[in-house]
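Numbering-wise, my numbering comes out as the position in the sequence shown, counting from 1, plus 21. Just so you know, even glycine gets a beta-carbon here, dropped at the ideal spot from N, CA and C. The structure appears below as structure tokens.
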Amino acid sequence: MSEFKIAVVIYEPIGSDTSRVYRGLKTALEFKDAGDDVVVVFDGSGVESLAAISDPKHKMNPLAVALHDNIRGACAFCVASHGVTDAVESGGWPLLAEYKGEASIRSLVVQGYQILNF
22 MSEFKIAVVI
32 YEPIGSDTSR
42 VYRGLKTALE
52 FKDAGDDVVV
62 VFDGSGVESL
72 AAISDPKHKM
82 NPLAVALHDN
92 IRGACAFCVA
102 SHGVTDAVES
112 GGWPLLAEYK
122 GEASIRSLVV
132 QGYQILNF
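What follows is the structure, encoded as structure tokens:
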């Protein structure tokens, strides 16, 4: 295991910028393949991206499958507010609510992760 601890946080909705979501996932996969400690969190409008790529027919689903053990989940508040609760839960992804019902980016920093935003 490498000394790097990386948290890729995806904020972008896939319908708005597919290439940014793709780049975030590929960056996470690069760190994973190098043996680094990498986690992926979907926050804000990015929860729509996780809902979309959870569909086995989506062209980016293979990246979600490859990163399955690295994806921590999606912000619980954001999932509800964006109306993608069913898609995220049926994909088997955890809903993150560590800080007042929302995903905690601070907790990642406390754990020593360097944050990369996409």
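Report task. Closer than 7 Å by C-beta to Asp-57: which residues in its own chain qualify, once you throw out the five before and the five after it? Chain order, please. Result -> Non-local C-beta neighbours of Asp-57 in its own chain, meaning closer than 7 Å and more than five positions away in sequence, comprise Ser-23, Phe-25 and Ile-27, ordered along the chain.
Query raised in the report: Who are the Cβ neighbours of Asn-138 in its own chain at under 7 Å, not counting the five residues just before and after it?
Result: Val-30 and Tyr-32
Query raised in the report: Is Glu-58 helix, strand or coil when you go by DSSP?
Result: The question names Glu, but residue 58 in the sequence shown is Asp. Of the three classes helix, strand and coil, the one that applies to Asp-58 here is strand, per DSSP.
Query raised in the report: Nearest to Gln-132 by alpha carbon, out of Val-60, Thr-39 and Arg-44?
Result: With distances taken between Cα atoms, Gln-132 lies closest to Val-60.
Requested in this report: Kindly identify the DSSP beta-bridge partner or partners of Gln-135.
Outcome: Ile-27
Report task. Please state if the CB of Leu-129 and the CB of Ala-97 are separated by a distance shorter than 7 Å. Result -> no
Query raised in the report: Roughly how many angstroms separate the alpha carbons of Pro-115 and Ser-40, rounded to a whole number?
Result: 24 Å
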